[in-house]
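Below is one structure, written out as structure tokens; comments come after it.
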Amino acid sequence: MSEFALLYRSTQEAHRESMGSPERAQQSMTKWRAWFKEMSEKGQLKSIGQPLERVGSVVTGKKKTVTDGPYAETKDVIGGFSIIEARDLEQAARIASGCPILELGGCVEVRPVMQLAI
Amino acid sequence: MDVEEHLFRREAGRLVAVLTRVFGIQNLALAEDVVQDAFCRALETWKFHGVPANPSAWLMKTAKNRALDVLRRDGTVRRFAPELERELDSEWTLVPAVDEAFAAGLDDAQLRMMFSCIHPRLPEETQVALVLHLLCGFGIDETAAAFLKGRAAMEKRLARAKKTLAASKRLF
């Protein structure tokens, strides 16, 4: 089994939209909890990961310039990440396709974790 | 622990009522924004860390912190609740005043908000729609469905009603 990082990406608008009314908030929360639970029961969830604040700083260049980040609000921002276990990238992507963020206007980036063992 | 059914619906009404009390009725839209902020934070953190033991208190505290940020940031450019004006003006009294407003009986805040919603200048059906939407946590779609109306028409009607409400001098 290999490990994969799932990066949850969405724009600020899509994110707010997913909690746009109490009913939608309730549904979004229920779906996310259910999805994590399902992965966990199937032994696919290595680490649930962490949520990330949607604002921060970006340090760039040799001059180490610090600017407000991540980027302009129109772009999608990583709102959190998890680590899953899967046979290969194909299976990891299949697992990611159950992510509720897809119904809420966001996307999931699936990235293999590099291993030292060869 | 799973999130209890209708949690957000119930909390939306309570939060908007107490926030309106602090911000003043003219800043109703801001109060709604702060509620949504609190809901967004809840989704981000609860989905990873699980639902806290007392989700209502968590939402209330998050909304309160966000309200304090807004009061500090906008305090010089915006007018807030006239009855709290003096307390909100100084960092000495800001936190205790907001604490007190949040603690001082949600029932009272909700009741005043309800009386404000049944504004004499609004037709009866709009008054009811406003109560459902603002205090009972009905989204626009659900409120529209309750009156067998289309979403667009209800959205327009609620927006207009909120304007009327925001133009009233103070919370009932």
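Keeping their order, the protein sequence lines are chains A and B.
Numbering-wise, the numbering used here puts 111 at position 113 of the first sequence, and it's gapless, one number per residue.
Numbering-wise, the numbering used here puts 203 at position 109 of the second sequence, and it's gapless, one number per residue.
Glycine is no exception: its CB is placed at the ideal position from the N, C-alpha and C atoms.
Just so you know, these numbers come straight off a predicted model, no measurement behind them.
**Q.** the segment 94 to 105 of chain A contacting the segment 1 to 11 of chain A, beta-carbon criterion three pairs below 8 Å
**A.** yes
Q: Decide if HIS227/B is buried, meaning its Cβ has at least 16 other Cβ atoms within 10 Å, or exposed.
A: Within the second sequence, the letter at position 133 stands for residue 227/B. Flag for HIS227/B reads buried.
Q. What in chain A is Cβ-close to GLN221/B, meaning under 9 Å?
A. Against the second sequence, residue 221/B aligns to sequence position 127. Neighbours of GLN221/B across chain A, judged by C-beta separation under 9 Å, do not exist; the nearest C-beta is about 20 Å away.
(Q) Give me the DSSP bridge partner(s) of THR65/A. (A) As a working note, residue 65/A is residue 67 in the first sequence. According to DSSP, THR65/A shares a beta bridge with VAL56/A.
Q: Using only alpha-carbon positions, find the residue among LYS44/A, PRO68/A and ALA90/A that is nearest to ILE81/A.
A: Numbered from its first residue, the first sequence carries residue 81/A at position 83. The shortest C-alpha separation from ILE81/A is found at LYS44/A.
**Q.** Rounded straight-line distance, which links the Cα of LYS263/B to that of PRO214/B
**A.** For the purposes of this step, residue 214/B is identified with residue 120 of the second sequence, where counting begins at 1. For the purposes of this step, residue 263/B is identified with residue 169 of the second sequence, where counting begins at 1. Their Cα atoms are separated by approximately 13 Å.
Q) Can you find a CB in chain A that lies within less than 8 Å of the CB of GLU236/B? A) Within the second sequence, residue 236/B is the residue found at index 142, counting from 1. Yes, GLU236/B counts as interfacial toward chain A.
Q) If we count the other Cβ atoms within 10 Å of its Cβ and call it buried at 16 or more, is LEU114/A buried or exposed? A) To locate residue 114/A, count along the first sequence from 1; it is residue 116. By the neighbour-count rule (16 or more Cβ atoms within 10 Å), LEU114/A is not buried but exposed.
Q) Which of the residues in the segment 111 to 135 of chain B, read from start to end, lie with their CB under 8 Å from any CB of chain A? A) For the segment 111 to 135 of chain B, the set of positions with a beta-carbon nearer than 8 Å to some beta-carbon of chain A reads GLN130, PHE133 and CYS134 in chain order.
(Q) Tell me the rounded alpha-carbon separation between GLN24/A and GLY18/A. (A) Within the first sequence, the letter at position 26 stands for residue 24/A. Within the first sequence, the letter at position 20 stands for residue 18/A. Each residue's alpha carbon lies about 10 Å from the other.
Q: Measure from the alpha carbon of ARG22/A to the alpha carbon of each residue in ILE234/B, ALA197/B and LEU109/B, then state which is nearest.
A: As a first step, residue 22/A must be located in the first sequence, where it is residue number 24. Ranking ILE234/B, ALA197/B and LEU109/B by Cα distance to ARG22/A puts ILE234/B first.
Q: Find the nearest neighbour of ALA12/A within the set GLU1/A, SER26/A, GLY59/A and MET(-1)/A, judged by alpha-carbon distance.
A: Here residue 12/A refers to the residue found at position 14 when the first sequence is read from its first residue. It is SER26/A whose Cα lies nearest to the Cα of ALA12/A.
(Q) List, in chain order, every chain A residue whose beta-carbon is nearer than 7 Å to that of ASP96/B. (A) Locating residue 96/B in the second sequence gives position 2, counting from the first residue. Chain A residues near ASP96/B: ARG31.
(Q) Three or more C-beta pairs under 8 Å: does that hold for the segment 146 to 164 of chain B against the segment 107 to 121 of chain B? (A) yes
Q) Does any residue of chain A bring its CB to less than 8 Å from the CB of ARG103/B? A) As a working note, residue 103/B is residue 9 in the second sequence. Judged by the 8 Å Cβ criterion, ARG103/B is in contact with chain A.
(Q) So within the segment 7 to 53 of chain A, which uninterrupted alpha helix (DSSP H) runs reach at least 4 residues, ignoring any that extend past its ends? (A) As far as the segment 7 to 53 of chain A is concerned, its whole alpha helix (DSSP H) runs of at least 4 residues are 10 to 16 and 20 to 39.
(Q) For ARG104/B and ALA132/B, what's the separation of their Cα atoms in angstroms? (A) Position 10 of the second sequence, counted from the start, is the residue given in the question as residue 104/B. Position 38 of the second sequence, counted from the start, is the residue given in the question as residue 132/B. Those two C-alpha atoms are separated by around 14 Å.
Q: Determine, using beta carbons only, whether PHE142/B and GLY59/A come nearer to each other than 8 Å.
A: What you label residue 142/B is simply residue 48 of the second sequence in a count that begins at 1. What you label residue 59/A is simply residue 61 of the first sequence in a count that begins at 1. The answer is no: Cβ separation not under 8 Å.
Q) Hey, is ILE99/A's beta-carbon within less than 8 Å of any beta-carbon in chain B? A) Residue numbering aside, residue 99/A sits at position 101 when the first sequence is read from its first letter. It does not: the Cβ of ILE99/A has no partner Cβ on chain B nearer than 8 Å.
Q. Would you call the segment 99 to 113 of chain A and the segment 73 to 87 of chain A touching, i.e. three or more CB-CB distances under 8 Å?
A. yes
Q. So, does the CB of GLU1/A fall closer than 8 Å to a CB anywhere in chain B?
A. The residue you call residue 1/A lines up with position 3 of the first sequence. No, its Cβ sits nowhere closer than 8 Å to a Cβ of chain B.
Q) Can you give, in chain order, each stretch of the alpha helix (DSSP H) that sits fully within the segment 122 to 172 of chain B and has at least 4 residues? A) Qualifying alpha helix (DSSP H) stretches, in chain order: 122 to 143 and 149 to 168.
(Q) Quick check on DSSP: helix, strand or coil for ILE82/A? (A) The count along the first sequence starts at 1 and reaches residue 82/A at position 84. Strand at ILE82/A.
Q. Thinking just about the alpha-carbon of each residue, which of VAL112/B, THR187/B, GLU98/B and ASP193/B is nearest to the one in ASN148/B?
A. Within the second sequence, numbered from 1, the residue matching residue 148/B stands at position 54. The shortest Cα separation from ASN148/B among VAL112/B, THR187/B, GLU98/B and ASP193/B belongs to GLU98/B.
Q. For the candidate residues TRP152/B, LEU101/B and SER210/B, whose alpha-carbon lies nearest to that of ALA261/B?
A. Walking along the second sequence from the start, residue 261/B turns up at place 167. Comparing C-alpha distances from ALA261/B to each of TRP152/B, LEU101/B and SER210/B shows the shortest one belongs to SER210/B.
Q. Can you tell me whether GLU181/B is buried or exposed, with buried defined as 16 or more other CB within 10 angstroms of its CB?
A. Position 87 of the second sequence, counted from the first residue, corresponds to residue 181/B. That one is buried.
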